[in-house]
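Student: The sequence shown lines up with residues 1 to 542 when you count with the UniProt record's numbering.
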Amino acid sequence: METAVRHPRPTSTPAPAVVMPPVVGAVRVGASLLAGLLALAVVRGAALTLGRRPAGLLFLGRHGGRAAQRAGLVAAVLTAARARRRVPAYWAATAGVRPWRAALGAGRLSAYLDALPVLDKRGYIDAHPLERRCLDGRLPERGVEVDESSGSSGRPYQWVRSRQELDEVERSLAVQAALQLAPRRHRRVVVLNCFSMGAWATGQSVSGALRHLGVLKACGPDADTALAAIDLVGPDVCYVVCGYPPFLDTLVRTAADRGVDLSGLELWGFVGGEGMTEVLRTRLERTFHRVFSAYGASDLDIGVAGECELTVALRRAAAGNPAFAEALFGRAHRLPMVFCYDPSTYHVETVTGTDGDELVVTVTRRLLSPRVRYAVHDAGGTLEHEAVRRLAREHGVVLPTRDQPRLPLLFVSGRADSTVSHMGANLYPEDVDTALGLLATDEPGLGLGAFCLGLADTDDGATVPVVHVETTDPSAATADTVRAALAGWLVAHNRDWAAAAEEDRRALAFDVRPVPPGTGVFAANAGRIKRRYVTHTTDEES
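1. Could you compute how far the alpha carbon of Pro408 sits from the alpha carbon of Asp257?
2. Work out the CA separation of Phe329 and Ala319 for me, nearest whole Å.
3. From Ala47 to Arg366, what distance separates their C-alpha atoms?
4. Can you grab the Cα-Cα spacing for the pair Ser149 / Ala425, in whole Å?
5. In chain order, what residues of the same chain have a beta carbon less than 6 Å from the beta carbon of Pro514, not counting five sequence neighbours either side?
6. By alpha-carbon positions, which one of Val42, Arg28, Ala68 ends up nearest to Leu109?
7. Here's a check: name, in chain order, each residue in its chain whose Cβ is nearer than 6 Å to the Cβ of Pro235, leaving out the five neighbours to either side.
8. Whole angstroms are fine: how far does the CA of Leu436 sit from the CA of Ala523?
9. In the stretch 412-497, which residue ranges form an unbroken alpha helix (DSSP H) of at least 4 residues, counting only runs that do not cross its ends?
10. Quick one: give me the first and last residue of the beta strand (DSSP E) that Glu326 is part of.
11. Which runs of the alpha helix (DSSP H) spanning at least 4 residues fall entirely within the stretch 289-365, listed in chain order?
12. Report yes if the CB atom of Leu410 is closer than 8 Å to the CB atom of Thr382, and no otherwise.
13. Roughly how many angstroms separate the alpha carbons of Thr254 and His212, rounded to a whole number?
14. For Val43 versus Gly65, is the C-beta distance shorter than 8 Å?
15. Do Ala80 and Thr362 have their C-beta atoms within less than 8 Å of each other?
16. Looking at Val240 and Leu210, is the spacing between their C-beta atoms short of 8 Å?
17. Between which two residues does the beta strand (DSSP E) harbouring Arg187 extend?
18. Where does Glu145 sit, in a helix, a strand or coil, going by DSSP?
19. Hey, quick one: how far does the beta strand (DSSP E) through Ser162 stretch, first residue to last?
20. DSSP state of Tyr90, grouped into three classes?
21. List the endpoints of the continuous beta strand (DSSP E) containing Val241.
22. In terms of residue numbering, what span does the alpha helix (DSSP H) encompassing Pro54 cover?
23. Go ahead and label Ala323 buried or exposed: buried means 16 or more other beta carbons lie within 10 angstroms of its beta carbon, across all protein chains shown.
24. Which residues in the same chain as Phe247 place their Cβ atom closer than 6 Å to its Cβ, once the five residues preceding and following it in sequence are excluded?
25. Quick check: the stretch 124-131 against the stretch 166-186, are there 3 or more CB pairs under 8 Å?
26. Comparing C-alpha positions only, which one of Leu438, Ala487, Ala67, Gly214 sits nearest to Phe510?
27. Would you call residue 543 buried or exposed, if buried means 16 or more other Cβ atoms sit within 10 Å of its Cβ?
28. Is the number of C-beta pairs between the stretch 484-498 and the stretch 426-446 that are closer than 8 Å three or more?
29. Measure from the alpha carbon of Gly36 to the alpha carbon of each residue in Gly269, Ala67, Met20, Tyr157, then state which is nearest.
30. Measuring CB atoms only, is the stretch 70-77 touching the stretch 109-127, in the sense that at least three cross pairs come out at less than 8 Å?
Here is the structure:
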């Protein structure tokens with residue numbers, strides 16, 4: 001069974017090989033280091049004081065962006081240097097690298113990071129035992145929490161975080177959420193956590209963070225439980241519903257089916273785990289006051305970036321203005337999600353892989369298991385705030401300015417390695433390959449060939465995973481057979497999909513599109529010795 005082409009680990013595009021005289025390089029790097037250390041001290045001192053309140057956080061976001069970016073580079077270098085000293089796995093992964101020599105030779109502090117390898121789950125997590133990825137090569141006896149996620153094999157990955165770093169993340173998320181909720185009508189807040197509960201990181205972290213906002217009810221992705229909580233508390237509060245984007249839609253539909261009137265309630269939505277179309281957001285905001293998304297990953301960090309009024313307005317403008325969208329994101333097949341982030345905490349780089357640009361992140365907070373130049377293989381890039389404002393003016397786009405942060409933005413177009421995220425679970429090409437391989441053995445008459453994955457927008461603004469597959473019997477019955485085989489494999493071998501299916505059977509309602517060999521999206525393979533597979537679904541195909 002053939003599958004989508006694999007993508008090798010991305011590598012940074014090297015800068016021109018200009019070697020500075022040693023003294024000049026040392027002076028330049030030393031000056032950058034000193035300026036960055038000063039900025040880092042100021043930014044972190046301000047974060048410990050002003051950053052603990054929403055108004056202070058907004059002030060820092062509006063006036064501290066440049067200092068935060070300068071601080072972030074130095075913080076990333078210090079984080080990498082510390083990891084090389086204290087983390088056995090990272091020392092092994094960077095053996096033979098001379099980052100300071102590279103920085104001095106280039107006369108740029110950023111060359112220190114450029115010299116370090118880009119790490120990912122396959123090359124770093126799978127290659128080194130858990131304890132060797134921790135500080136000093138050991139797992140502390142107490143003060144540690146473990147959450148998990150499933151990989152392409154279905155074998156759960158375990159992620160460790162110290163209680164100290166979780167407290168820091170939770171405080172930060174709580175202040176950010178309070179800032180977003182500042183315009184609310186009701187002072188009292190009730191949070192309904194409708195993410196998957198149990199061992200998964202998102203549900204745990206949301207509960208830990210948003211309990212600081214007010215009353216917390218952990219519902220899991222169960223619409224009836226959430227509606228029962230609303231009925232219990234009553235209308236005179238601000239409800240914050242947290243979950244995957246499709247769940248908020250399910251909640252609204254279930255309320256209508258049960259005859260529950262949500263129109264008189266103050267509802268806010270905080271979502272994550274997958275992308276969201278502007279069609280879905282617009283429909284949800286007929287019921288919700290506002291719906292904001294956030295970006296993170298279990299193997300990277302929680303709450304790396306978040307939406308605000310500025311990023312939502314930017315994305316909506318791009319959705320209706322193709323020229324503006326191309327100026328921002330290049331020739332993207334789908335409209336990316338757009339977030340703002342704190343560059344002093346997350347140093348984000350863009351590196352070039354086989355399939356385009358990918359995001360690489362260094363987390364500069366003190367982590368039990370540090371992440372330095374780590375890639376989850378999300379396709380995307382970064383945008384400078386001032387550059388975005390300039391492009392908006394050039395294209396006649398008016399963006400909000402009042403009470404908006406002046407921080408850099410990052411955009412995410414999906415996984416560069418063909419992985420598709422849906423309802424909190426990842427659909428990996430390896431899973432599809434295995435399921436279809438078994439089906440081809442059991443049902444040789446189907447004549448199954450190549451496949452490719454993508455996402456399609458449905459008529460109601462939601463998204464659904466699409467599986468294109470070559471077959472000599474491109475019928476509706478074949479589509480049903482492939483869908484059932486894939487669903488059965490995922491539920492049996494991947495805990496994330498099993499949980500998603502238990503919570504909502506629509507999670508497995510994949511859009512399977514059987515076509516004759518060499519037609520449709522596979523037409524480019526005709527006459528080729530080495531097949532090429534597309535990994536996206538265009539709007540026209542949808």
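For glycine and all other residues, C-beta sits at the position ideal for the given N, C-alpha and C. Predicted, not measured: the structure shown is a model, and the values here were computed from it.
Tutor: Once the coordinates are examined:
1. Residue 408 sits at position 408 when you count from the first residue of the sequence shown. Residue 257 sits at position 257 when you count from the first residue of the sequence shown. Cα to Cα, Pro408 sits roughly 42 Å from Asp257.
2. Reading the sequence shown from its first residue, position 319 is the one you call residue 319. Reading the sequence shown from its first residue, position 329 is the one you call residue 329. Cα to Cα, Ala319 sits roughly 12 Å from Phe329.
3. As a first step, residue 47 is located in the sequence shown; it is residue number 47 there, counting from the start. As a first step, residue 366 is located in the sequence shown; it is residue number 366 there, counting from the start. Rounded to whole angstroms, Ala47 to Arg366 spans 15 Å at the Cα level.
4. Mapped onto the sequence shown, residue 149 falls at position 149. Mapped onto the sequence shown, residue 425 falls at position 425. Cα to Cα, Ser149 sits roughly 9 Å from Ala425.
5. As a working mapping, residue 514 is identified with position 514 in the sequence shown. So the list reads Val469, Thr471, Pro474, Thr478, Ala479, once near-sequence residues are dropped.
6. Along the sequence shown, read from residue 1 onward, the residue named residue 109 stands at position 109. Per the Cα distances, Arg28.
7. Taking the first residue of the sequence shown as 1, we reach residue 235 at position 235. Answer for Pro235: Gly264, Leu265, listed in chain order.
8. In the sequence shown, the residue the question calls residue 523 occupies position 523. In the sequence shown, the residue the question calls residue 436 occupies position 436. Each residue's alpha carbon lies about 20 Å from the other.
9. 429-442, 476-493
10. On the sequence shown, residue 326 is found 326 positions in, with the first residue counted as 1. Segment 322-329 is the alpha helix (DSSP H) holding Glu326; no beta strand (DSSP E) there.
11. 309-319, 322-329, all fully within the stretch 289-365.
12. The residue given as residue 410 occupies position 410 in the sequence shown. The residue given as residue 382 occupies position 382 in the sequence shown. Yes.
13. For the purposes of this step, residue 254 is taken as the residue at position 254 of the sequence shown. For the purposes of this step, residue 212 is taken as the residue at position 212 of the sequence shown. In a straight line, the C-alpha of Thr254 is about 29 Å away from that of His212.
14. For the purposes of this step, residue 43 is taken as residue 43 along the sequence shown, with counting starting at 1. For the purposes of this step, residue 65 is taken as residue 65 along the sequence shown, with counting starting at 1. In terms of Cβ geometry, Val43 and Gly65 do not form a close pair [threshold 8 Å].
15. On the sequence shown, residue 80 is found 80 positions in, with the first residue counted as 1. On the sequence shown, residue 362 is found 362 positions in, with the first residue counted as 1. Yes, Cβ-Cβ distance for Ala80 and Thr362 is below 8 Å.
16. For the purposes of this step, residue 210 is taken as residue 210 along the sequence shown, with counting starting at 1. For the purposes of this step, residue 240 is taken as residue 240 along the sequence shown, with counting starting at 1. Yes, the pair counts as a contact, with Cβ atoms nearer than the cut-off.
17. In the sequence shown, the residue the question calls residue 187 occupies position 187. Counting along the chain, Arg187 falls outside any beta strand (DSSP E), and DSSP gives it neither H nor E.
18. Walking along the sequence shown from the start, residue 145 turns up at place 145. Residue state, collapsed to three classes: strand.
19. The residue labelled residue 162 in the question sits at position 162 within the sequence shown. That run of the beta strand (DSSP E) goes 156-162.
20. As a position in the sequence shown, residue 90 is number 90, starting the count at 1. Helix, per DSSP.
21. Numbered from its first residue, the sequence shown carries residue 241 at position 241. First-last of the beta strand (DSSP E) with Val241: 238-243.
22. Locating residue 54 in the sequence shown gives position 54, counting from the first residue. In the DSSP assignment, Pro54 falls within the unbroken alpha helix (DSSP H) covering 54-63.
23. For this step, residue 323 is matched to residue 323 along the sequence shown. Looking at its Cβ environment, which holds fewer than 16 other Cβ atoms inside 10 Å, Ala323 is exposed.
24. In the sequence shown, residue 247 corresponds to position 247, counting from 1. For Phe247, where only same-chain residues beyond five positions count, the Cβ hits under 6 Å are Cys194, Pro221.
25. no
26. Residue numbering aside, residue 510 sits at position 510 when the sequence shown is read from its first letter. Ranking the options by Cα distance to Phe510, first place goes to Ala487.
27. Because the chain is modelled from 1 through 542, residue 543 falls outside the range shown and cannot be assessed.
28. In short, these stretches touch, since the Cβ pair count reaches three.
29. Within the sequence shown, the letter at position 36 stands for residue 36. For Gly36, the nearest C-alpha among the options comes from Ala67.
30. The answer is yes - the stretch 109-127 touches the stretch 70-77, with three or more Cβ pairs under 8 Å.
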